[in-house]
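Participant: My questions all concern the structure below.
Protein chains: 2
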Amino acid sequence: MNYLKKVVLVFFCINISLLHAQKHPNIMLTKDNIAGVREGCTKYPLLQKSFEQMKADADKALQGKIYIPVPQDGGGGPSHEQHKKNYQNILACGVAYQITGEAKYAAYVKDMLLGYAAQYEKWPLKHPKSKISNQTGRIFWQILNDCVWQVNVIQGYDLVYDAIAPGDRKTIENKLFVPVVRFITQSSAETFNRIHNHGTWAVAAVGLTGYVLNKPDYVEIALKGSDKSGKSGYLAQLDQLFSPDGYYTEGPYYQRYALLPFVIFAKAINQYQPALSIYNYRNNILRKAINTSLQSSYTNGAFFPINDAIKNKTVESGELVYGVDLAYAEMGGGEDLLDVAQRQGRVVVSDAGLKVAKDIAEGKTKPFNYKSLFISDGPAGNEGGLGVLRSGTNQDQQCLVFKAASQGMGHGHFDRLNILYYDNGSEVFSDYGAARFINIESKNGGEYLPENRTWAKQTVAHNTITVDKTSAFKANADVAQQYHPEVLYFRGEGDIQVISAKEENAWKGVSLTRTSALVRVPELSKALLVDVFKAESAVQHQYDLPFWYNGYITDASFKINPDTKGLKPAGEKYGYQHLWLNSTDSVPGAAGYITVMNNLRFYTTHFCGSSALNVQLATIGANDPNMNLFGGKAFILSQPSVSDQTFISLTESHGKVDPVVETTSGAASSVSSLKLLSSGKQQTSFSFDVKGKRYRIDIHYNDKSNFIQLTK
Amino acid sequence: MNYLKKVVLVFFCINISLLHAQKHPNIMLTKDNIAGVREGCTKYPLLQKSFEQMKADADKALQGKIYIPVPQDGGGGPSHEQHKKNYQNILACGVAYQITGEAKYAAYVKDMLLGYAAQYEKWPLKHPKSKISNQTGRIFWQILNDCVWQVNVIQGYDLVYDAIAPGDRKTIENKLFVPVVRFITQSSAETFNRIHNHGTWAVAAVGLTGYVLNKPDYVEIALKGSDKSGKSGYLAQLDQLFSPDGYYTEGPYYQRYALLPFVIFAKAINQYQPALSIYNYRNNILRKAINTSLQSSYTNGAFFPINDAIKNKTVESGELVYGVDLAYAEMGGGEDLLDVAQRQGRVVVSDAGLKVAKDIAEGKTKPFNYKSLFISDGPAGNEGGLGVLRSGTNQDQQCLVFKAASQGMGHGHFDRLNILYYDNGSEVFSDYGAARFINIESKNGGEYLPENRTWAKQTVAHNTITVDKTSAFKANADVAQQYHPEVLYFRGEGDIQVISAKEENAWKGVSLTRTSALVRVPELSKALLVDVFKAESAVQHQYDLPFWYNGYITDASFKINPDTKGLKPAGEKYGYQHLWLNSTDSVPGAAGYITVMNNLRFYTTHFCGSSALNVQLATIGANDPNMNLFGGKAFILSQPSVSDQTFISLTESHGKVDPVVETTSGAASSVSSLKLLSSGKQQTSFSFDVKGKRYRIDIHYNDKSNFIQLTK
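Shown next, in the form of C-alpha cells:
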C-alpha cells in the first residue's frame, strides 16, 4: 500500500459518520433497493426460491421458543448448535422482515438480541470447552465461532434496526455488541491482529459492527489493526493472505471459508466508503480470489482437497453464494458465473442476488469457463503455486492438479509435488483430505483427529514420492514453511499441457523433479496423463511413489499376490503405520501396467522405472484404535535402494461400462511398450506405442523454449 | 391350464396363417400405428428423445463398416461385443427405417443379415469359449446370448421386411433364421425345453421368428415345447416360473432380465392371436410380474439385490422400459407407471411408447405407488415369499426387505431370513449381491467369479444368523431348494408393519424365527427398525448375526478395540475365510449400541441378547488372491456357545449432517434402555425408552389375532 492510499484511507475512516447519513439496512440488502428485491422475490425463480427458503426458516424460528443456553459444549454439541441456530434465525428473520414488512420477524430478532444482552456479560471470558487458551471464545469454544456469530448477527440487527425502539437498541448495543467487540479486540487481541482467516472473521465482525453502530473507531481498527498502523487488519490481510492471483495459501477448502468475511466486509465498505474502491484494491484482488476459488474445483463442484480439507465441500457452499453473487453483481464478473449460481441453486436475498436471479431468468447464463491455469502462491506470487490442467468439455473433463505451492501454514500437508487427477466427474487419483468428522462430537468433539497429524498430513498419504519411508521435512511444519518448490515450466494450452517443478529441500540431499502433462494424440479421444518423477541423490534411498486410486483393479501386466492369510502394517511411522500392506510384487523389466475400473470407466497406468521396481498394494486402516480413518487404496511404485530413480507413468482413460444395457467396451488399453530411453540432469526421454504408432517424449529441463517435445 | 384352454390354443396355433394376413411390422411397432408414432416422434418429448437416440445409433452404424467376426471370444471380448453391437444396430436401423422411411437404414439391415446368412452355417455348432457343453451358443459362448440376438434381430427384420427383395428374404430366412431356429430347438433342445429364463429367451426367439416368417410350427413349439405337449414352452413357463403374485424365484435381478422375452413375445402373441388373451393369462400374470418387479426396488431405482445380482441395476434397465410401456399401454397399468417411465427417461419407439410419451406430455403422471406388501414365492404361491415394508414418502422412504422366499434355484443365496434395510435413498444394511465383474473379460471372462460361491452366496455375507460358522444347508443348493421358510405373520399397514418367519431346516436341530418390523412411535419422526431373531436348539451352538453396514462408525456404547498391528481371517470356510476380523469385544450386560454415519444421517442400532454376547467387526478382503472382492464392513452380534439365543435390535434413523453449512444435529439416539424381558416358544417381550417414555413390545408367535403388541 503506498503512502497516498494510506492518507486517503485514514481520511475516509475518520469521517465516515460525516460523509454518509446512517441508513439501515446497508450491507447485503440496502434500503434503496428493497423495493426491487421485494418485486424480484415474486418474479425471478432463483430469488423467489431463496427467499421462500429463508422465510420458511424464519417462520420455523417464530414457532419455537427463544432459547439462549449458557455456553457449555464443544463443536457439534447442543449449546454450540443452538447458538449457531440462533444467528441463522436472526439473519433469516431480518431478511423476512425487510421483504414482507411484517413486524413479527423484527420482534423476534429484538427479543433474541435482548435475551443475549441480558446474559452475555455474565458468561466467563473463557469458554469451558476451550482447548487453546489464546483462541477461546465466549459464546463458543473458539473465538472464530464468536466472530462468525457476530458477522451474522450484526447483519440481522442492521436489517431490523429501524423497527427496534431506541431504548432497546441502546441496551442491545451497550450490553451485547460493544462487549462482543471488546471481547474480540481485547481479550482476543492476538486473533484480531493475526494475518490469518480467523483474523479476517474478527476484523469483519468488528468492522461491520462499526458501520452499523456508527462507530468509526471500530472500522478503523478493523481496517488497520488495533494499533491502526496498517500492519494488521483487513487491508494487510488482503495484501498478505492472497497471492497476486488470489490464491489463499492454506488451500481451496480454507480459501472458500476465508472468502465470506472478506466479501461481506468489502460489500459494507463499498456501501459506506465507496471512494475507497475496495473492490479494485490490489488489482481487484477480491474478484481474483473468488475466481481462483471457483477454478480450484472440479466439474463435480468439489474443491481440490489440498491440505486440510473436508471432501464433500463444493462450490454450492454458502460462502461462495455470497462470493459469486457479489462478483457478478458488483465486481464485473462474467456471465459464466451465472452457471455457478444455477448450480448453487440459490442466491443471497440481496441487491446482488436480485441481479443474479434476474439475469439467469433472462437467459444470460453461459457455461462456467473452467481454465487451465497456474495459480501463484505467496503474497508476492513467487512461492510456487498450483498448476491446473484441464482437457475436455464441462460434461467430461480431465483435470490434473499439481501442487507446487508452499506449505500452507498450519493446515498444510507434507505433499510436495503431489498430483490429483480427475476424469468423468470422479476422482481418479485422489487426496485423502483431512482426518476429521466435522461437528460430530463423539469424534474428538468434531475437531481434527489425531490421525490428521499421524496420517492425513504425511507424505505417503499423497500421490507423490516418499523418501526412505519418512515424510517431507520429517513432518516439521515450521521447517517446511520456509521452503517452496521451484516451478520450472507451465503451459496450459495446446495438445501438450504441462507443469514441471523441483523440490530440493524436503529431504536432505535429495533433488526431486516432477513433470506432469495432459497429452493429446490423434489415436485417442481422451488425453493421456503423463507423469515423470525424477529423484536424484548422491547416496542410496528408498523411493516410494503411491497412486491413491478409486475403484477396483481389474487387470495388471504382472501377477499380483496379495497376502491372503494375514495383514501387517507397512511401517511404523510417517503414516506407514496406518497402511495395511496387501502385496509386494516385483515387476519384470521394471515396467508394467495396472488397470482400474472406476465409475464405469477404465484407467490403465503404464509405468516404468530407470531401475528395478516393485509394486506394493496398500489399504488404509492399520493402527487406528478409534476407527477414525476412512478407507482408501493405493498402488505404490517402489525402488528400495538406489541413488537416482526416474518413475514414468502414462495413465490412459478408456472404455465404458454400461450397467443398464450390460455392455463393456474398450476394457483394454491402447497404449503399450512404454520404455525409458534416458534420464539425466538435463533431459528425460521415453517412448511408447499407441495403437501401434510409436511416440517419443523428450523433456528438456533447462530449455524453456523447448521444454517438452512429442515426436511420432 | 384347463382342457378347454388347450383346445382353443391348439386351434389358434394351427390356424395363424389363415386368420391373419401377414403384415410387417407387427410386433412392438405395428403397421397400423406407424403414422401415429411418426407424428409422436416430433410431438412428445420422451418419444422424440428416444427416437433421436435410436436414430443417432442407427446413423452411427451406417457410418461404420459392417463387421461380422467369426465367433471367438467369451463374454465382454471383442467378437462377443461386436455381435451384440450388430443386433443393436439392426434393431436401431429397423426402427429408423420405419420412422424416417429412408431406404438406407433398411439396406444396412439387409446387408448385415445377408452377411450373417453367408457365414452362419459355416460356424461350428460349439462356440470355442463354451464352458458348459449343453449350454453352448454358436454366435456367442452361451446359447442364451444367441437367443437374445435372435429376439432382437427378428424384430429388426420384421421392421424392414417390406424393403427387402423376396430373393434376399429367402436367403436370409433359409440361410440364417431357419438354421438359427434349428440350432436353438435341436442342438440346444435342452435349453429350449427348460422351465427357466434361458428357456424363455429361447421360446421367444423361436416364437417371434415363427410369427414373422409365418411358420406356425415354430409358434406352436414355442408355446408348448418341442413335443407340443404343453409340459414346457412359453405357457408352461408362465405357469411355473412366477408365483401367483408374479414373483420370479431367482429374485428381482433375474426377474427383470427374464421379463423382456416374456413381454415381447406376449406382445407378438397379442398381435397375431389376440383371441388368446395372453395378457389375461393366469389372472394377468404378466402385469403382475411387471408390477412385482417394480415393487422389488427401492426409491433410488435399484432392485433389491437378493441372490445373484449386479447391484447397479435399476428400474431404468431396458427390459423394464419394455415392461412399463406395455403394462401401461396394453395391460391396464395405472398412471403411476408414468412416473417410472419418466425416471427411465425413454420409451420404446413403438405403439406402447407413443401412448406413454403422450400421456406424460399431457401431465397424467402420478407418483409411483410404492407399497408395503408380501410377495409370495413358488408356482402355487405357498413357498414363502418376500416381505417388503415401507414407511415415509417417495422422497425419504424407509424400506425393510425380508427374505422368507425359497432358495431361488441356481442363482439363490444361502440367506434364509435375511433382511435388507434402506433409508434416505441409501442402503443402510445391505446385501453384497453377486461376485462378478459383468462383461469384464480380464475378470474371469466377465462371468461369475469363484468368490461368488465361496463368499457371496454364503450365509455370513448376509444380514442373518449363521450357526456354528457354517452356511445354511452347508451351502448345498440342491438340499436348500427343497425347503422354504414358513411365514408366520405379515402386516403391511399401520404404525406397526411386521413380518415374521420361521426356518427349521437350514441347520439340523436349530429352529430360527425372525420378526422384523417398522414401528412408528409419536416421539420420533421416522419409524424404528425392530428386529427380533430367536434361535432355539437342544444343544449349544455359536450364533453370529452380522449387520452389513455402509458408512462409518461414529459412536458405540462400549470401547471397540480393533486389532491395530495385524489382521487375520475370521475363519476358514463358509465365507468366514474372506473376512478380516478387526475386533472382538464383549459387551457389558449383553446390551449396547453402535452408531453409524451414512449418507449424512445417523443410524444407531441398540441391541441386546438373552445371554452374554460379543460384537465383532469384520471387513471383506481376506483370501482373495485375485482381488475379486468388493469392500464391505459388518458388525456381528455373536454368542459363542448357547442352545437358545434371542438377539433383539432397534435401529433408529436420526439426525442430519449438512456438509454445505457444516452443521450436525441429532447425532445422539433418542432410544435407550433396551431390555429383553422374556423370550420363549410362545412369546418374546422387551422394553425400551424413547425420549424417556417407556415402551414394551410383545410378540405372540402363535396368535395371529394379536401377533405383535406395542404398549406405552
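Residue numbers (our numbering), protein chains in the order written: chain A, 769 to 1480; chain B, 769 to 1480.
Backbone N, C-alpha and C fix where the C-beta goes; we use that ideal spot for every residue, glycine too.
Since we're looking at a predicted model, the values are computed, not measured.
Do the CB positions of Phe1072(A) and Gly1155(A) come within less than 7 Å of each other?
Facilitator: What you label residue 1072(A) is simply residue 304 of the first sequence in a count that begins at 1. What you label residue 1155(A) is simply residue 387 of the first sequence in a count that begins at 1. Not closer than 7 Å, so no.
Participant: Which of the three DSSP states is assigned to Ser1453(A) in this structure?
Facilitator: Translated into the one-based positions of the first sequence, residue 1453(A) becomes position 685. It is a strand residue.
Participant: Quick check on the DSSP output: what are the complete beta strand (DSSP E) runs of length 3 or more inside the region 1275–1303 of chain B, in order along the chain?
Facilitator: Fully enclosed beta strand (DSSP E) runs of 3 or longer: 1278–1287.
Participant: For Tyr835(B), count neighbouring C-beta atoms within 10 Å of its own C-beta (all shown protein chains included) and say buried if the count is 16 or more, exposed if not.
Facilitator: Along the second sequence, read from residue 1 onward, the residue named residue 835(B) stands at position 67. When all chains shown are included, Tyr835(B) counts as exposed.
Participant: According to the Cβ coordinates, are Ile1046(B) and Asn1038(B) closer than 7 Å?
Facilitator: Translated into positions along the second sequence, residue 1046(B) becomes position 278. Translated into positions along the second sequence, residue 1038(B) becomes position 270. Yes, they are a contact pair.
Participant: Closest to Ser1378(B) by CA distance: which of Tyr1371(B), Ala1295(B), Arg906(B), Asp1412(B) is it?
Facilitator: Counting from one through the second sequence, the residue named residue 1378(B) turns up at place 610. Checking every option, the nearest Cα to that of Ser1378(B) belongs to Asp1412(B).
Participant: Quick one: list the residues of chain B neighbouring Met880(A), beta-carbon separation under 9 Å, in chain order.
Facilitator: By 1-based counting over the first sequence, the position of residue 880(A) is 112. The premise fails here: Met880(A) is roughly 18 Å from chain B at the closest Cβ pair, so nothing lies under 9 Å.
Participant: Taking Cβ positions, are Leu1442(B) and Leu1286(B) nearer each other than 7 Å?
Facilitator: As a first step, residue 1442(B) is located in the second sequence; it is residue number 674 there, counting from the start. As a first step, residue 1286(B) is located in the second sequence; it is residue number 518 there, counting from the start. No, Cβ-Cβ distance for Leu1442(B) and Leu1286(B) is not below 7 Å.
Participant: I'd like to know if the region 1136–1154 of chain B and the region 1116–1128 of chain B are in contact, where contact means that at least 3 CB-CB pairs between them fall below 8 Å.
Facilitator: These segments do not touch.
Participant: Here's the rule I'm using: 16 or more other beta-carbon atoms within 10 Å means buried, otherwise exposed. How should Gln1477(B) be labelled?
Facilitator: Looking up residue 1477(B) in the second sequence gives position 709. Counting Cβ neighbours within 10 Å, Gln1477(B) comes out exposed, since fewer than 16 surround it.
Participant: Which residues in chain D sit within 8 Å of Pro1330(A), going by Cβ to Cβ distance?
Facilitator: In the displayed structure, chain D is absent; the protein chains listed are A and B.
Participant: Pick out whichever of Glu849(B), Gln866(B), Gly844(B) has its Cα sitting closest to the Cα of Cys809(B).
Facilitator: As a first step, residue 809(B) must be located in the second sequence, where it is residue number 41. Residue Gln866(B) is the option with its Cα nearest to Cys809(B).
Participant: Please confirm whether Asp1323(B) has its beta-carbon closer than 7 Å to some beta-carbon of chain A.
Facilitator: Along the second sequence, read from residue 1 onward, the residue named residue 1323(B) stands at position 555. At least one chain A Cβ lies under 7 Å of Asp1323(B).
Participant: If we count the other Cβ atoms within 10 Å of its Cβ and call it buried at 16 or more, is Leu772(A) buried or exposed?
Facilitator: What you label residue 772(A) is simply residue 4 of the first sequence in a count that begins at 1. Per-residue confidence for Leu772(A) stands at a pLDDT of 41, beneath the threshold of 50, marking its modelled position as unreliable; the derived number appears in the next sentence. By the neighbour-count rule (16 or more Cβ atoms within 10 Å), Leu772(A) is not buried but exposed.
Participant: Can you pull the DSSP bridge partners for Ser1406(B)?
Facilitator: Numbered from its first residue, the second sequence carries residue 1406(B) at position 638. Ser1406(B) is bridged to Asp1312(B), Asn1382(B).
Participant: Closer than 7 Å between beta carbons: that is the criterion. Which residues of the region 1420–1438 of chain B meet it against chain A?
Facilitator: Against chain A - using a Cβ distance shorter than 7 Å - the residues of the region 1420–1438 of chain B are Pro1427, Val1428, Val1429, Glu1430, Thr1431, Thr1432, Ser1433, Ala1435.
Participant: I want to verify the contact list: residues of chain B whose CB lies under 7 Å from the CB of Lys1211(A), in sequence order.
Facilitator: Here the question's residue 1211(A) lines up with position 443 in the first sequence. Within 7 Å Cβ-Cβ: Thr1322.
Participant: Three Cβ pairs or more, each shorter than 8 Å: is that satisfied between the region 1266–1281 of chain A and the region 1202–1219 of chain A?
Facilitator: Too few Cβ pairs lie closer than 8 Å, so no.
Participant: Using a Cβ-Cβ distance cut-off of 7 Å, determine whether Leu1335(A) contacts chain B.
Facilitator: As a first step, residue 1335(A) must be located in the first sequence, where it is residue number 567. By this cut-off, Leu1335(A) is an interface position.
Participant: What residue does the alpha helix (DSSP H) around Gly804(B) start on, and which one ends it?
Facilitator: In the second sequence, counting from the first residue as 1, residue 804(B) sits at position 36. Here the alpha helix (DSSP H) through Gly804(B) covers 802–811.
Participant: Sort out for me which residues DSSP pairs Ala1172(A) with in a bridge.
Facilitator: Locating residue 1172(A) in the first sequence gives position 404, counting from the first residue. BP columns for Ala1172(A) point to Gly1153(A).
Participant: List the DSSP bridge partners of Ile1467(B).
Facilitator: Taking the first residue of the second sequence as position 1, residue 1467(B) is located at position 699. Answer is Thr1452(B), Ile1476(B), bridged to Ile1467(B).
Participant: Taking DSSP as the reference, what is the three-state secondary structure of Thr1227(B)?
Facilitator: As a working mapping, residue 1227(B) is identified with position 459 in the second sequence. Helix.
Participant: How far does the beta strand (DSSP E) with Phe1258(A) in it extend, from its first residue to its last?
Facilitator: For the purposes of this step, residue 1258(A) is taken as the residue at position 490 of the first sequence. Counting along the chain, the beta strand (DSSP E) containing Phe1258(A) begins and ends at 1254–1259.
Participant: Pairs of beta-carbons, one from the region 1418–1425 of chain A and one from the region 1354–1372 of chain A, closer than 8 Å: are there three or more?
Facilitator: Yes, since at least three Cβ pairs between the region 1418–1425 of chain A and the region 1354–1372 of chain A fall closer than 8 Å, the two stretches touch.
Participant: Output yes if chain A places a C-beta closer than 7 Å to the C-beta of Tyr913(B); else output no.
Facilitator: Counted from its first residue, the second sequence places residue 913(B) at position 145. Reading off the sequence, residue 913(B) comes out as Asn, not Tyr. Taking Cβ atoms only, chain A never reaches closer than 7 Å to Asn913(B), which makes this a no.
Participant: Does the region 1228–1245 of chain B touch the region 1342–1349 of chain B, meaning 3 or more C-beta pairs lie closer than 8 Å?
Facilitator: Enough Cβ pairs lie closer than 8 Å, so yes.
Participant: By the three-class DSSP mapping on this structure, what secondary structure does Gly1262(B) have?
Facilitator: Taking the first residue of the second sequence as 1, we reach residue 1262(B) at position 494. It is coil, neither helix nor strand.
Participant: With 16 other CB atoms within 10 Å as the buried threshold, where does Glu1488(A) fall?
Facilitator: Chain A is shown only over 769 to 1480; residue 1488(A) falls outside these bounds and no answer can be derived.
Participant: Starting from Asn1207(A), follow its DSSP beta bridges and name the residues at the other end.
Facilitator: Residue mapping note: residue 1207(A) aligns to position 439 of the first sequence, counting from 1. Note: Asn1207(A) sits in no beta bridge, so no partner.
Participant: Are three or more beta carbon pairs between the region 1048–1068 of chain A and the region 982–1000 of chain A nearer than 8 Å?
Facilitator: The region 1048–1068 of chain A is not in contact with the region 982–1000 of chain A.
Participant: Looking at Phe1197(B): is its Cβ nearer than 7 Å to the Cβ of Phe1315(B)?
Facilitator: Taking the second sequence and counting its residues from 1, one reaches residue 1197(B) at position 429. Taking the second sequence and counting its residues from 1, one reaches residue 1315(B) at position 547. Yes, the Cβ-Cβ distance between Phe1197(B) and Phe1315(B) is below 7 Å.
Participant: List the residues of chain A that Glu1215(B) touches, going by C-beta distances under 8 Å, in chain order.
Facilitator: Along the second sequence, one-based indexing puts residue 1215(B) at 447. Result: empty, since nearest Cβ-Cβ is about 13 Å, beyond 8 Å.
Participant: When DSSP builds the beta bridges, which residues end up paired with Met1177(A)?
Facilitator: Residue 1177(A) sits at position 409 when you count from the first residue of the first sequence. In the DSSP output, where bridge partners are listed per residue, Met1177(A) has none listed.
Participant: What in chain A is Cβ-close to Phe1398(B), meaning under 8 Å?
Facilitator: Taking the second sequence and counting its residues from 1, the one referred to as residue 1398(B) is at position 630. The contacting residues are Tyr1320.
Participant: Please list, in chain order, the chain B residues whose beta carbon lies closer than 7 Å to that of Ile1206(A).
Facilitator: Indexing the first sequence from 1 puts residue 1206(A) at position 438. Within chain B, the residues near Ile1206(A) are Glu1430.
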